[in-house]
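As C-alpha cells, the structure follows; a few thoughts come after it.
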Amino acid sequence: MHRSLRINIAAGFFGMLWICAPLGAPLPLLMQAVHASSTQVGLLSAAWQAAMLAQIPAALIAEGRPSRKPMWATVTILHRILWMTPAFVPLLLPNSRHLWPLVLIGALAVSNFLANLGTASWLSWMADIVPPESAGRFWTIRQRIISVGLMGGTAAYGWILDHHTAGDSVLGFQWVFALCGMFGVLDIVVHCFVHEPPVQVLCSEKPFWQRLAAPFETPGFLPLALLMAVWTGAQALVGYTLAMPGFFGMMHLREAFGATYSQASLIFIAAAFGAALFSGSLGPWMDRAGAVAVMTRMVVLTPLSMMAWWFAKPGELQLLGHAMPSAVVWMTLAAVVQGALCTGGMLCQFRLTQMYLPPTGRILATAVHWSIAGIGGALGAVGGGWLKDFIQNSGPLPGGRYAFDVLVLLQVVLAWGVALPLCRSLVARPNR
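Going by the working numbering, the sequence shown opens with residue 4, and the numbers climb by one from there.
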C-alpha cells in the first residue's frame with residue numbers, strides 16, 4: 004500500500020506538468036491570443052465543470068466491473084492526447100484563424116468529457132487505498148511534492164511563450180501544449196502501477212435511479228454536495244479551477260496592466276508555492292481538528308484574500324533592473340495566500356468526501372457528488388464570463404474599477420452568504 008501511494012505521488016508530479024497548461028496561464032492566454040471573447044473563455048471553463056455530469060453514467064458502468072483501472076486508463080489517455088489539439092490546429096487550419104476558438108473549445112470539451120468518464124473511478128480508488136486516520140497527512144504531503152512540478156512546469160512554459168510567441172504567432176503555445184499532452188499521458192501510464200483494491204458495489208439488480216438516490220441516505224451527503232457546488236461556482240466566477248488561478252485573473256493582468264506571459268504566470272507559480280508551504284501544517288490540522296472545522300476557516304478567509312485584486316493598480320516597479328507592472332508584484336504576493344487557502348479547501352473536500360460518501364457504492368456516490376459540484380462550477384464560469392463581457396461593453400465603471408473587481412465582490416457574497424451556512428450545517432455531523 005505504501006508503495007502504491009508513492010507511485011501515486013510520482014504520477015501526480017508528471018500530472019502537474021500537464022495541468023499547469025490547462026489551468027495555468029497558457030490556456031487563457033492562448034484564448035486571448037486567438038481573440039476569443041470572455042464569454043467563450045467562460046464557456047471553455049464551464050465545459051470543464053459541466054463535463055463532471057459524465058461521471059454518473061461512467062460510474063454506473065464501472066461499478067459493474069471487477070476493476071476500475073482498464074476503463075480509467077483508456078479514457079484518460081485519450082483525454083490527455085486531445086490536449087495536444089492547440090499544437091495542431093494552426094497547422095491544420097492555417098487560413099481559418101476565426102475558427103480556432105470554436106475548434107479549441109469543442110476539442111477540449113470532448114477531452115474534459117473523457118476525463119470525467121474516469122474521475123469517479125480514480126477518486127473512489129484513492130478513497131479506498133488512503134488510510135482514513137492519516138488521510139489529511141497523505142494529501143498534504145502529496146500536494147507539497149507535486150507543487151514542485153507545478154511551479155517548474157509553469158515557469159518553463161512561461162519562458163517558452165515569451166521566447167517563441169511574438170505578434171500573431173502561436174508557435175510558443177504549440178510547443179507548450181505538445182509537451183503538456185505528453186507529460187499528461189506519462190502521468191496515466193505511471194499511475195497504472197498503483198494497486199487497486201476490490202470494488203464494493205450496491206446490488207446491481209436495483210434500478211439505476213435507486214442507486215443514484217442511495218448516497219443521499221448518508222447523513223451529510225446532500226449538505227456537502229450543495230456546499231461544494233456553491234464553493235466551486237464561487238471560485239470559477241473569478242477563474243479558479245481545482246484551487247489554481249487561471250482564466251479571468253491572468254487575462255485581467257494582461258488586459259489591464261500589460262503583463263507579459265511570464266509575468267502573468269507568476270501568480271500561478273506563487274499559488275503553487277503557497278499551497279506547498281501551507282500543506283505542511285494543513286495535514287496535521289485537518290487530522291486533529293477535523294476537515295469540517297478547517298473547511299469552515301477556508302470559506303471565511305479565502306474571499307478576504309481575493310479582495311487583494313481591488314488594490315492592484317497601474318504602474319511599474321524596478322526589480323533587479325527590470326521593469327514590471329506593480330499589479331503583478333502585488334498579486335504575486337497575494338497569490339501565495341490565495342493558493343494556500345484554495346488548496347486547503349480542495350484537500351478538505353477530498354477528506355470530506357471520504358467521510359460522507361458510503362464505502363458501498365462509492366464510485367457512483369463520488370460521481371453524484373462531483374457532478375453536483377461541477378454544475379455549480381459551470382454556472383460560475385459561464386456567469387463570470389458573460390458578466391465580464393456585459394460590464395466591459397456597458398462602459399467604464401465608477402472610480403476606475405474593473406469588471407474583474409465586480410466578480411471578486413460576487414465571490415465574497417456567494418462564499419459568506421451561501422457556502423458558509425452550508426459549511427456550518429456539517430459541523431454537527433460525525434467526523435470519521
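Don't be surprised by glycine CBs; every beta carbon is placed ideally from N, CA and C.
Span separating the alpha-carbon of residue i from that of residue j
| i | j | result |
| --- | --- | --- |
| S70 | L126 | 14 Å |
| V297 | F219 | 23 Å |
| N119 | R291 | 32 Å |
| L56 | M349 | 19 Å |
| A431 | T221 | Note that A431 scores 45 on pLDDT, short of 50, meaning its location in the model is unreliable; the coordinates nonetheless yield the value given after this. Straight-line Cα distance between these residues: approximately 14 Å. |
| A237 | Q58 | 22 Å |
| R435 | P135 | With a pLDDT of 48 at R435, under the threshold of 50, the predicted position of this residue should be treated as unreliable, and no value is reported. |
| A315 | A330 | 5 Å |
| P361 | T369 | 9 Å |
| S282 | Q414 | 24 Å |
| L336 | L280 | 14 Å |
| L322 | M231 | 40 Å |
| S265 | G252 | 14 Å |
| S428 | G420 | 13 Å |
Spatially closest choice to residue i from the options, by CA coordinates
| i | options | result |
| --- | --- | --- |
| L63 | L229, G402, I366, G398 | I366 |
| I22 | L425, V151, P317, T335 | V151 |
| H194 | P201, T79, L164 | T79 |
| G286 | W142, D165, L164 | W142 |
| G161 | T263, P73, P25 | T263 |
| A267 | G18, Y243, G27 | G27 |
| W288 | R354, L400, T88 | R354 |
| E269 | G242, V332, Q213 | With the sequence shown as reference, residue 269 is identified as Leu, and Glu is not the correct amino acid for it. Ranking the options by Cα distance to L269, first place goes to V332. |
Residue i (DSSP reduced to helix, strand or coil)
| i | result |
| --- | --- |
| C23 | coil |
| R432 | With a pLDDT of 46 at R432, under the threshold of 50, the modelled position of that residue is not reliable, and no figure is offered here. |
| T369 | helix |
| T244 | strand |
| R404 | coil |
| A39 | coil |
| A262 | coil |
| H198 | coil |
| A50 | helix |
| E66 | coil |
| D171 | coil |
| S397 | coil |
| P210 | coil |
| A376 | helix |
| G45 | helix |
Proximity test, residue i beta-carbon vs the ligand HEM heavy atom, cut-off 7 Å
| i | result |
| --- | --- |
| A14 | Of ligands this structure carries none, so the ligand HEM is not represented either. |
Distance CB(residue i)-CB(residue j) smaller than 8 Å
| i | j | result |
| --- | --- | --- |
| I191 | R68 | no |
| G388 | S41 | yes |
| I144 | F16 | no |
| V411 | M309 | yes |
| Q2 | G377 | With the chain represented from 4 up to 435, any question about residue 2 goes unanswered, as that position is not in the structure. |
| A76 | A239 | no |
| A24 | L30 | yes |
| Y405 | H255 | yes |
| L96 | W86 | no |
For this session: Enumerate, from N- to C-terminal direction, the unbroken alpha helix (DSSP H) stretches of 4 or more residues contained entirely within the segment 69-157.
Result: 72-85, 88-95, 103-132
For this session: May I have a chain-ordered list of the alpha helix (DSSP H) segments no shorter than 4 residues that lie completely inside the segment 299-365?
Result: 329-359
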